[in-house]
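Asks: Each residue of the sequence shown is one higher than the one before, starting from 8 at the first, in the working numbering. Below: one structure in structure tokens.
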Amino acid sequence: MDDEGLLLRDLPSFTLAGYDKGRGFLTQALWFAVMNTLFMSWLCPARLRVALLRAFGAKVGEGVLIRHRVRVLWPWKLEVGDHTWIGEGAWLLNLEPVTIGSHVCLSQESMLCTGSHDHRAADFRYRNAPITVEDGAWVAVRATVLAGVTVGRCAVAGAGAVVHEDLPELTLQTRDGRRRPVEEPK
Numbered sequence: 008m009d010d011e012g013l014l015l016r017d018l019p020s021f022t023l024a025g026y027d028k029g030r031g032f033l034t035q036a037l038w039f040a041v042m043n044t045l046f047m048s049w050l051c052p053a054r055l056r057v058a059l060l061r062a063f064g065a066k067v068g069e070g071v072l073i074r075h076r077v078r079v080l081w082p083w084k085l086e087v088g089d090h091t092w093i094g095e096g097a098w099l100l101n102l103e104p105v106t107i108g109s110h111v112c113l114s115q116e117s118m119l120c121t122g123s124h125d126h127r128a129a130d131f132r133y134r135n136a137p138i139t140v141e142d143g144a145w146v147a148v149r150a151t152v153l154a155g156v157t158v159g160r161c162a163v164a165g166a167g168a169v170v171h172e173d174l175p176e177l178t179l180q181t182r183d184g185r186r187r188p189v190e191e192p193k
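Spelled out as structure tokens, the structure:
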């Protein structure tokens, strides 16, 4: 409690309870070394990035393009369909599984964040949930998709949008949270 008797977060009581990183410390450390020295570099060819993700347990389809400065927390919790693009600086903060369909575009500096905290709990415990981005969807520049969300088939998370609930297929969400139907790509 603070001086006024208000209950504060008891952050020292936070634990990793219920969070499974999916691999041991050595694999995690090796991935961080590879990601930060080679995978994120503009010198690393896109095909090598795909091969590195696969080597660390990701399921990645054919024709996937991954640009430089992309960060993936745990490759073994990632599945990507065919012919998907992941743009420069995208961040896949996948404490839980992330499933990305085929013909998806994750634009520059977009973020998929499966992690969160329970703000009502004094111990600030995790409230993580998987994310799914279905076939043909577009997560535009600097858009963020939060834990537990499904971005529907051919849906668009517009530039700078924060998507905190499911985005139905063929729907555009703009930065201000408004939603409207979009036509199916021809």
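Ideal Cβ positions, reconstructed from N, Cα and C, are used throughout, including at glycine. These figures come from a predicted structure and were not determined experimentally.
Would DSSP call Thr139 helix, strand or coil?
Replies: Along the sequence shown, one-based indexing puts residue 139 at 132. In this structure, Thr139 counts as strand in the three-state DSSP scheme.
Asks: Assuming Gly88 contacts Ser109 under a Cβ cut-off of 8 Å, what Cβ separation, rounded to an integer in Å, is found between them?
Replies: As a first step, residue 88 must be located in the sequence shown, where it is residue number 81. As a first step, residue 109 must be located in the sequence shown, where it is residue number 102. Confirmed, about 3 Å.
Asks: Looking at the unbroken beta strand (DSSP E) that takes in Leu179, where does it start and where does it end?
Replies: The sequence position of residue 179 within the sequence shown is 172, counting from 1. Per DSSP, Leu179 belongs to the beta strand (DSSP E) from 178-180.
Asks: In this structure, does DSSP put Ala62 in helix, strand or coil?
Replies: Position 55 of the sequence shown, counting from 1, holds the residue named residue 62. In this structure, Ala62 counts as helix in the three-state DSSP scheme.
Asks: Can you give me the Cβ contacts of Thr139 inside the same chain, cut-off strictly under 6 Å, excluding the 5 residues immediately before and after it?
Replies: Mapped onto the sequence shown, residue 139 falls at position 132. Here the set comprises Thr106, Thr157.
Asks: Pro104 and Trp38 - do their beta-carbons sit closer together than 8 Å?
Replies: Looking up residue 38 in the sequence shown gives position 31. Looking up residue 104 in the sequence shown gives position 97. Result no, Cβ atoms of Trp38 and Pro104 do not sit closer than 8 Å.
Asks: Counting only runs that start and end within the stretch 153-188, where is the beta strand (DSSP E) found for 3 or more residues in a row?
Replies: Runs of the beta strand (DSSP E) inside the stretch 153-188: 178-180, 186-188.
Asks: Hey, could you find the ends of the beta strand (DSSP E) Leu100 is sitting in?
Replies: Numbered from its first residue, the sequence shown carries residue 100 at position 93. Segment 98-100, the beta strand (DSSP E) holding Leu100.
Asks: Could you please give the first and the last residue of the uninterrupted alpha helix (DSSP H) stretch that includes Thr34?
Replies: Stepping through the sequence shown from its first residue, residue 34 is reached at position 27. Here the alpha helix (DSSP H) through Thr34 covers 32-41.
Asks: Hey, Val189 and Ala166: beta-carbon distance below 8 Å or not?
Replies: Here residue 189 is taken as the residue at index 182 of the sequence shown, counted from 1. Here residue 166 is taken as the residue at index 159 of the sequence shown, counted from 1. For Val189 and Ala166, no; Cβs fall outside 8 Å.
Asks: So is Lys84 buried or exposed if we call it buried at 16+ other beta carbons inside 10 Å?
Replies: Position 77 of the sequence shown, counted from the first residue, corresponds to residue 84. Buried: at least 16 other Cβ atoms inside 10 Å.
Asks: Name the two residues that bound the continuous beta strand (DSSP E) containing Thr106.
Replies: Reading the sequence shown from its first residue, position 99 is the one you call residue 106. Start and end: 105-107.
Asks: For the beta strand (DSSP E) holding Leu85, just list the boundary residues, first then last.
Replies: The sequence position of residue 85 within the sequence shown is 78, counting from 1. Counting along the chain, the beta strand (DSSP E) containing Leu85 begins and ends at 85-87.
Asks: Within the continuous beta strand (DSSP E) that includes Met118, where are the two ends?
Replies: Taking the first residue of the sequence shown as 1, we reach residue 118 at position 111. Met118 -> beta strand (DSSP E) spans 118-120.
Asks: Inspect the beta-carbon positions of Phe131 and Arg16 and report whether they are closer than 8 Å.
Replies: Here the question's residue 131 lines up with position 124 in the sequence shown. Here the question's residue 16 lines up with position 9 in the sequence shown. Going by C-beta atoms, Phe131 is nearer than 8 Å to Arg16.
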